[in-house]
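Structure first, commentary second.
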């Protein structure tokens, strides 16, 4: 056995030790961390290794365990450091507003997490927090906003004020009055795939608003010109939320706090869907699956849902089935499933007149769906199971002040919109 082969074998053994078996940056073990940064001394998955290479060898010297050669010096750096020891240095003090990425997170967040750690060195010991503007929850800048009733994107000036507790945007910089104001208390934000927006560096903000005496959920799609800019907005919004929620956070750990700052939809995509009446046909809808609810739209990036349905499972009843419930025209594909509410009262399933009518008549409302492929159907079924069992943001809200806590979910926007 050659010296190179010996070191490769030793590296594979070292990779299997506690901490090194997962990627140092995204935490995944699938794919396994078959790459290393020989100057930082960490093990990386193939995706994060690519982002390290993009930084340049001034910051990270990346090598493949299987394809590159190693000597004693390189091996010793990895043996003496490793992922756990490196985290104590590069993640010494991670702000609560930072969302630690996983392998399933969007590329922009993972990329900027790596840049923040090793290039900007934002989390090392003795970092001056005043050098991190996003921690203030204050930001002003231009973003591209998807128009409400058109497919065009328009550049708008956004102003975030943690002190005022609001996000506003203006058509022109010289405008004195904002086009819309959204209260931080009930805003939510998430990254969105380029497959949905057809734009890189995209984000979705959602918030409740009142229309015709009903509370609905508004969607606003945004994108920026750079990965850094969209992540900086995301972090600034989380910091503003953190500032607002601070009185309620006593006794909560970092994971619980992060869940209160924002959450992403469990799954987004197109499905065919039927109505509840006998003979209702199939229509293609864009579905956003959230914790114990789903929303559906005519098209992706529509501003308001056609329906906002609350669902929740019961420990004694199965609520998710393959196949089609009721009498309907032939489905577009055979890959069908349906969701049934677990109880008859209106407290478990709310929002649409369809559901209220079904509850009054003693029926459990049923929602039929159809996927393009069997694989996609399995993904959706798994996602619905997850949604039915997961906790909502409301359910983990502290009970410190019930009156003020309830304000988090009231209608939160004002002004008209383009």
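Numbering (my numbering), first residue to last: 121 to 538. From the three backbone atoms N, C-alpha and C, an ideal C-beta is built for every residue, glycine too.
query: Is it true that the CB of residue 210 sits closer than 8 Å to the CB of residue 243?
result: yes
- prompt: residue 191: buried (16+ other C-beta within 10 angstroms of its C-beta) or exposed?
  reply: exposed
Every unbroken alpha helix (DSSP H) inside the segment 162–187 [4 residues or more]: 166–175
field: Collapsed DSSP secondary structure at residue 490 in the structure displayed
entry: strand
Of the listed residues 271, 215, 270, nearest to residue 253 (C-alpha basis): 215
message: Short of 7 Å in beta carbon distance, which residues of its chain neighbour residue 400, apart from the five on each side in sequence? Order them along the chain.
response: 394, 448
- request: Quick one: grab the DSSP three-state call for residue 508.
  value: helix
Any C-beta of chain B under 8 Å from that of residue 205: The question asks about chain B, but that chain is absent: this structure has only one protein chain.
message: Could you give the first and the last residue of the continuous beta strand (DSSP E) run that contains residue 413?
response: 413–417
message: By the DSSP assignment, the beta strand (DSSP E) with residue 262 in it spans what residues?
response: Unbroken beta strand (DSSP E) run through residue 262: 258–266.
- request: Look at the alpha carbon of residue 351 and the alpha carbon of residue 505, and state the distance between them as a whole number of angstroms.
  value: 30 Å
- request: Quick one: give me the first and last residue of the alpha helix (DSSP H) that residue 364 is part of.
  value: 347–365
query: Do you know offhand how far residue 469's Cα is from residue 328's?
result: In this prediction, residue 469 scores a pLDDT of 36, lower than 50, which makes its location untrustworthy; the coordinate-derived value is nonetheless stated afterwards. Their Cα atoms are separated by approximately 18 Å.
- prompt: Is the segment 143–151 touching the segment 177–195 in the sense that three or more CB pairs, one from each, lie closer than 8 Å?
  reply: no
Candidates 459, 446, 453, 410, of which the one nearest residue 510 by Cα: 410
- prompt: Using the C-alpha atoms, what's the distance from residue 180 back to residue 134?
  reply: Taking the straight line joining both Cα atoms gives about 20 Å.
query: Among the residues of its own chain, which have a CB less than 8 Å from the CB of residue 161, if the five just before and after it don't count?
result: Here the set comprises 197, 198, 200, 201, 202, 205, 206.
Spatial neighbours of residue 308 in its chain, beta-carbon cut-off 6 Å, leaving aside the 5 residues before and after: 326, 382
task: From the DSSP output, in three-state form, read off residue 193 for me.
output: If DSSP states are grouped into helix, strand and coil, residue 193 belongs with the helices.
query: Which stretch, first to last residue, makes up the beta strand (DSSP E) that contains residue 240?
result: Unbroken run through residue 240: none, as it is neither H nor E.
- prompt: Looking only at C-alpha atoms, which of 153, 407, 176 sits nearest to residue 137?
  reply: 153
query: Quick one: what does DSSP say residue 228 is sitting in, helix, strand or coil?
result: helix
- prompt: What do you reckon, are the CB atoms on residue 194 and residue 234 nearer than 8 Å?
  reply: no
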